[in-house]
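A short write-up of the structure that comes next.
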Amino acid sequence: MSEHHGPAKGIKRWIFATNHKDIGTLYLWFSFAMFIIGGAFAMIIRAELFQPGLQMISPEFFNQMTTMHGLVMVFGAIMPSFVGLANWLIPMMIGAPDMALPRMNNLSFWLLPFAFTVLLSSLFMEGGAPNFGWTFYAPLSTTYAPPSVTFFIFGVHLMGASSIMGSINIIATVMNMRAPGMTYMKMPLFVWTWLITAFLLVAVMPVLAGAVTMMLMDIHFGTSFFNAAGGGDPVLFQHVFWFFGHPEVYIIILPAFGVVSQIIPAFSRKPLFGYDSMVYATASIAFLSFIVWAHHMYTVGMPIAGELFFMYATMLIAVPTGVKVFNWITTMFKGSITFETPMLFSIGFVFLFTIGGFTGLMLAIAPADVQYHDSYFVVAHFHYVMVAGAVFSMSAAIYYWLPKWCGRMYDETMGKVHFWIAFIGFNIAFFPQHFVGLAGMPRRIPDYALQFTDFNMMSSIGAFIYGAAQILFLFNVIRTIVAGKKVDDPQVWEGAQGLEWTIPTPAPYHTFTTPPQVK
Amino acid sequence: MYLHAKQLWRPVLLPAIIALCGASTTAVAEPGRWQMNMPRGATGVSSSIYDIHMLTFIICCVIGIGVFVFMFYSLVAFRKSKGHEPATFHDNTTTEILWTVIPFFILLAMAWPATKTMLEVYDTDEADMDILVTGYQWKWSYEYILEDGENVKFFSNLSTPQNEINNLSEKNANYLLEVDNPLVIPAGKKVRFLLTANDVIHSWWVPDLGVKKDAIPGFVNEAWTRVDREGVYRGQCAELCGKNHGFMPVVVKVTSEQEFDSWIADKQSEAAEVKELMSQQFNLEELMERGEAVYQRTCLACHGAKGEGGVGKPIAGSSVATGDIGEQLNIVVNGVPGTAMQAFGGQMNDLETAAVATYLRNAFGNNMGDMVQAVDVYNFKKGGGSSDE
Ligand code: HEM
Ligand SMILES: [Cu+2]
Ligand SMILES: [Cu+2]
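Chains as they are written, first to last, in the numbering used here: chain A, 789 to 1307; chain B, 34 to 422.
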């Protein structure tokens, strides 16, 4: 095996890719494409909700849009983007030459375009796309579903297989391929959070696969898992789904925690405060995430003992989450701080994610959730944690590592403008949703009562601003790759720490073919 | 400077928060424009929920302001541009233990009242009356389970005109929050709701009552309320239940006990009257008139204003509506399993079924000229034609 050959030429480089950097790039571009498509669906939703009354789309199509928006964003945009980041960074951070299982890596990426072609093609099918929400509660998603539900199930299986393979690869890489001296407690936090995330994925993706398989059986093979008329239990579906679903939200956020834990120390020029406690906090969040699922089901009529158990367990999550926030801020305290774009996005992350954490704590309070549940308050909550959390940290990550990847610097002014437009647009879009939710507006409705008009208009305007900011982002990234100012300093950022900053810039096609020695 | 900020905290920020909360507590039953907070509502439970909501909210605000002041102070005070040299510390066990343990106690302070309130929400015992609430795609039915006399049962449909939804006429103040037959309950009585659903999961939500409970096919959930203040309270279905999920509001009218009693007596005699009507024969014109009303209320959403179809098949020129009466009744009464066409036999009385069947055969250019009487429907159901007998 020659170590010095470069990438294959042309399209084959991508189809047969086994290099972790190429696969990382594929994942990142794929997820960005999904982000644009999911974003377009969101724009349609917000345009319809700009005013009361039905203006643009029918209620049927509206439901398809909310469903597809959620599915595409969660499974197509956010999750693959962090897998892409893991591919690019984990080998470089632990001093490994590549991922442990490069061919499986290829397969786990290439399943995704098929999964999403299957899913998105359902928009053009008779009866329309899935319209039962991204949580696809039975029996709306079984007995009452459009025929395209079978394609949806197939798509979910494909992306589940992709995620499982991706995470096995990450576990194998982190456990076996660390450079000499890179002990677990020396690993960068991004690697730690991904290792824990990968275990979560391996544990819960099969549960999701089980849920959709039971749906498939109910729809086509006469079983009655979720059909009360046949002795089944529609609530069982929700238990199975949320046993997957709650860990899933941490699958989304833990790698984001890892990203900001790399970036904040870099631009504070000070080591991360409380590294050990960060690791333990991440592990406890992961553990707790398995025993809180029914906080999504406070209104289904569980016994009171169940309500209380899930309430207490959920409230506990606030403790490790708080520890993380305190650690990030104390890292900034007495640092020497500069405000480049990655740092701005990370600060935005800490600020807005904390707000999302607070609303999470409020939602955890079972009696209060009787009012919040399935209202726009929940929509506001999860956009604060998923957009201002996961997506902001992803933006931070791209600005932070892009110069290392392509040897060119992005345009700082444009980056900052992107941040401010995104920050302002995001808050205009989602802060008012807390208010309408508390005032009684249910989620997933195409039309609303008149008293919700003003805040919905604001929300739509904010959403359009946030959407526009992403075009600037895309432009800035492409401009950087083709025409950015060249950088060749391995360090790139003055305060950056870690093995990835010791290799040349741009990162060569093969790195660490001989492992570095970590002190 | 840090100390300084800390001293400022009490006199300035706390009143500011209290002012903010105070401003929002003034919002009452009729939600207005720009309403930003949860209503305190009209029941003991809704009020306890409101209190626990405000408690957690204020605790979050206080912690949040502390955290954010510390963060922005650090960002401003330790800028590199000010020439600040970075410190090198990266650990402090005492601090870390403190900020793990203190939040834990704060959580306990929230968990205690939350538990009490939750027990209150779940206390469905010793109700004065029971009402069975059933969710349908896309309407609610209410059945009063009465000790003396027959149960009273009716459907509650959205009454907002389609023209308002389609922006063809001006929207009224209760747009999307109005129904043809509201649920009526007596003030001051403990009312227990038994909730279930006929098709998919729905969720019965009235913010001012502090009640939200899922209505699940095959299950019966319990919820309760006691409203002292007479008035009209509005809510909506809270669980995605298909196309018209946004169009199945809940309206609860709370009246004095006397008013309620006479209302329920009226309903009972109305039901007796309908029973009486069932045994009569109607002419085509009368059936058409009744049938049109039923069609507009129940069928139009799917089959279209001109019978042109939509979610459902077209009625105009349909081979069913112009074919065998028995087959047509079968579809109306028993539905078409696996499609949006429900079994309406259990939702409409025999006269309504007969009228709408007649209407379908004679409207939209299907001029069949024949008709169906209530007694035909009765016999059809009795003759094994109904699946739920
Ligand atoms: C302090 C941490 C958190 C707590 C205590 C918390 C609590 C909750 C609760 C109780 C709900 C259910 C609300 C309801 O439906 O009535 C909820 C919903 C949700 N949360 Fe969180 N959460 C936290 C953090 C997060 C994070 C980090 C994410 C993802 C990145 C997240 C994503 C979501 C999503 C997607 C939903 C809505 C799911 C749906 O019904 O569509 N949450 N959260
Ligand atoms: Cu959850
Ligand atoms: Cu609904």
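Yeah, the Cβ is synthetic: ideal placement off N, Cα and C, and Gly gets one too.
Within 7 Å, strictly: CB atoms of residue i and residue j
i	j	result
Lys113/B	Thr1109/A	no
Ser910/A	Phe939/A	yes
Asn964/A	Asn893/A	no
Leu1141/A	Gly1046/A	For clarity, residue 1141/A is Phe in the given sequence; the question names Leu instead. Not closer than 7 Å, so no.
Val1088/A	Asp247/B	yes
Leu988/A	Ile1039/A	yes
Ser1163/A	Gly1225/A	yes
Val253/B	Thr229/B	yes
Tyr392/B	Gly324/B	yes
Ser189/B	Asn196/B	no
Ser1181/A	Val1111/A	no
Trp898/A	Gly812/A	no
Phe750/A	Val1080/A	Residue 750/A is absent from the model: chain A starts at 789 and stops at 1307.
Val212/B	Val284/B	yes
Buried versus exposed, by CB contacts within 10 Å (16 or more), residue i
i	result
Phe1025/A	buried
Met1229/A	buried
Tyr925/A	buried
Tyr1297/A	exposed
Arg43/B	Residue placement at Arg43/B is flagged as unreliable, the pLDDT there being 40, under the threshold of 50; the coordinate-derived value follows with that caveat. The residue is exposed, with fewer than 16 neighbouring Cβ atoms inside 10 Å.
Met844/A	exposed
Phe1263/A	exposed
His1008/A	exposed
Pro1091/A	exposed
Pro250/B	buried
Leu907/A	buried
Thr1299/A	buried
Pro935/A	exposed
Val799/A	Looking at the sequence provided, one finds Ile at residue 799/A rather than Val. Its Cβ having fewer than 16 others within 10 Å, Ile799/A is exposed.
Tyr972/A	exposed
Asp1235/A	buried
Beta-carbon contacts of residue i that lie in its chain and below 7 Å, excluding the five residues immediately before and after
i	result
Met401/B	Thr355, Arg394 and Asn395
Lys1307/A	Gly969
Glu341/B	Pro347 and Ala349
Asp1277/A	Thr1293
Pro927/A	Phe1014, Asn1015 and Pro1022
His945/A	Ala997 and Val1000
Gly794/A	Tyr1297
Same chain, Cβ closer than 8 Å to residue i, five either side skipped, listed in chain order
i	result
Gly1255/A	Gly827, Ala830, Met831 and Gly1213
Gly350/B	Phe397, Gly398 and Asn399
Thr806/A	Asp886, Pro890, Arg891, Asn893 and Asn894
Residue i Cβ short of 6 Å to ligand 1 heavy atom set
i	result
His1084/A	yes
Leu1149/A	yes
His1027/A	no
Asp1157/A	yes
Thr148/B	no
Identified DSSP bridge partners for residue i
i	result
His235/B	Ala248/B
Ser174/B	Thr167/B and Phe188/B
Val265/B	Lys286/B
Ser1163/A	Pro1230/A
Met1197/A	Lys1273/A
Ile1051/A	Note: Ile1051/A sits in no beta bridge, so no partner.
Glu211/B	DSSP, once it has assigned bridges, lists no residue as partnering Glu211/B.
Val224/B	Met162/B and Thr258/B
Ala230/B	Gly168/B and Pro250/B
Thr76/B	Val260/B
Contacting residues, own chain, Cβ-Cβ under 6 Å from residue i (five flanking each side not counted)
i	result
Thr157/B	Arg225, Glu255 and Trp257
Pro1043/A	Phe870, Thr981, Trp982 and Thr985
Heavy atom of ligand 2 within 6 Å of residue i beta-carbon
i	result
His1034/A	yes
heavy atom of ligand 3 below 6 Å from residue i C-beta
i	result
His278/B	yes
His857/A	no
His235/B	yes
Glu272/B	yes
Beta-carbon neighbours of residue i, restricted to chain E and to distances below 9 Å
i	result
Gln375/B	The structure shown contains no chain E; its protein chains are A and B.
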